[in-house]
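If you read the protein sequences in the order shown, they are chains A and B.
Going by my numbering, the first sequence opens with residue 1, and the numbers climb by one from there.
Going by my numbering, the second sequence opens with residue 137, and the numbers climb by one from there.
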Amino acid sequence: MIAQLLLTALLMLVLVYAWSAHRTVPIIGLLASGAALAGLYFVWVQEHATALAALVGIGRGSDLIVYIWVVISLLIMLNLHLKLRLQLDMITRLARAVAIDRAKESRREKGPPRKRRAVMLGRKAEAPPIELRAKK
Amino acid sequence: MTGRIRNPWVVVAAYNEAPVVGSVVSGIRRAGYAVVVVDDGSGDRTGDVALLAGAVVVRHPINLGQGAALQTGIDYALEQRADAIVTFDADGQHSPAAIAALLAAIEQPGIDFALGSRFLIGATANLPVARRILLSAALWFTRASTGLPITDTHNGLRAMTARGAHAISLRQNRMAHASEILHQIAQSRLRFVEVPVNIEYSVYSLGKGQRITDALTISIDLFARRLYR
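This is how it looks when you write it as structure tokens:
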């Protein structure tokens, strides 16, 4: 009974997790919900777990529950992987905005391209052509 | 510039390309086009060399990948009111002469994309057998998944109108962006043409190019992208 209550509590947590995951990764939410509900069912109706396990050639109902737990863990790992990708999306947008802003600022500082003026004899040019200087 | 294109921009995504990016930018500038080089967090002097050669340089603070760099360049060009955008590789395997042919193609009414193809007239020099097999597999996959009757899937030479560029939003940061562009072209229902272009493979460009193992990474990226919003 203690193990059943403990597993039930854990599987309820998985259901909450699946609900939150559903908003960003619907397929993970759906699969994790299905696996958690199946787990809950088999935890409380163990004879069905044993019957299903025998049907698919696993052997014992408890092994089937362990396998379901492994599937849930893999789905959670996949979800974490996809969340990392979403984070990368956001980092990309941020880096892009920073890069473009800096480039525009740099062009503004340079000002519009100057027209080349004829250099008068005996007088130095006032400034070197800035567009040919690289930033150090 | 003749026709309806008045302000074309060439976008070059570059990562550690200091040995060649200067000559690439000079070639594009000599052909008369504005060019923005997106320095994708290079560890060498790629950005400085491109700037000296006459490009506008946009620097990613960190390395994000070629797809991310191209999207940054496209966004920048659109902010400069570009009416046509050409994507061009930084490794020196493309010829600036191809830009005019691509732009001429999108000047035709109703055409929003011109995709360079190295296989239309066999316009390819020094293409290794392994690379040819890899490209054939990518072509089969892309034709099956997009329905587009194209002859070359991973060619970095493309031109698009501003309308076409607004329809593109790359979220594949790395190599899978080439397939993603084709998917988005198919979804946008905008018209495209293929233009024969010459690709000059050198030891340098082959060293920087994709490997067989990259095909697996690209497949995983494309699959994972379909799983989340």
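Just so you know, even glycine gets a beta-carbon here, dropped at the ideal spot from N, CA and C.
Leu251(B) sits close to Arg294(B), with the two beta carbons spaced by under 7 Å. A Cβ of chain B is located within less than 7 Å of the beta carbon of Arg96(A). No Cβ-Cβ contact shorter than 7 Å links Val146(B) with Val193(B). In this structure, DSSP gives Ser253(B) an extended state, which the three-state scheme calls strand. Taking C-beta atoms as the reference points, Ser253(B) and Asp288(B) count as a pair closer than 7 Å.
Residue environment: His302(B) is assigned as exposed (fewer than 16 neighbouring CB atoms within 10 Å of its CB, all protein chains considered). Under the Cβ criterion of 7 Å, Ile72(A) is not counted among the residues facing chain B.
Listed along chain B are Arg307, each with a C-beta nearer than 7 Å to that of Asp89(A). At least one beta carbon of chain A lies nearer than 7 Å to the beta carbon of His196(B). The residue among Ala234(B), Val156(B), Asp211(B) and Gly183(B) with its C-alpha nearest the C-alpha of Gly168(B) is Ala234(B). Put simply, the CB of Ala103(A) is near chain B, with a gap under 7 Å to one of its CB atoms. Ile76(A) is outside the set of residues whose beta carbon lies under 7 Å from a beta carbon in chain B. In this structure, the straight-line span from the alpha carbon of Gly246(B) to that of Arg142(B) is close to 17 Å. Interface flag for Thr92(A) against chain B is set, since a Cβ pair is found closer than 7 Å. For Asp176(B), no alpha helix (DSSP H) run applies, since DSSP gives it neither H nor E. Going by C-alpha positions, Leu10(A) is about 16 Å away from Ser62(A). The alpha helix (DSSP H) runs of length 4 or more contained entirely in the segment 17-44 of chain A are, from start to end of the chain, 26-44.
Within the segment 199-223 of chain B, contact with chain A at the beta-carbon level (separation under 8 Å) is assigned to Leu200, Ala204, Gln207, Thr208, Asp211, Tyr212 and Glu215. In the displayed model, Val147(B) falls within a strand according to three-state DSSP. Using a Cβ distance threshold of 7 Å, Gly300(B) and Leu326(B) count as a contacting pair. For Pro332(B), the enclosing beta strand (DSSP E) covers residues Arg327 to Pro332.
Here the alpha carbon of Gly228(B) sits roughly 8 Å from the alpha carbon of Glu336(B). Per DSSP, Asp219(B) has no beta bridge partner at all. Interface criterion not met: the Cβ of Ala32(A) is under 7 Å from no Cβ in chain B. Under DSSP, Arg195(B) shares a beta bridge with Asp175(B). Within a 10 Å sphere around the beta-carbon of Arg140(B) sit fewer than 16 other beta-carbons, which makes this residue exposed. For Arg294(B), no alpha helix (DSSP H) encloses it; the enclosing beta strand (DSSP E) starts and ends at Arg294 to Thr297.
For Ile198(B), the closest C-alpha among the options Pro155(B), Ala218(B), Val185(B) and Tyr151(B) is that of Tyr151(B).
Looking at Leu6(A), Val25(A) and Ala35(A), the one whose alpha-carbon comes closest to that of Val71(A) is Ala35(A).
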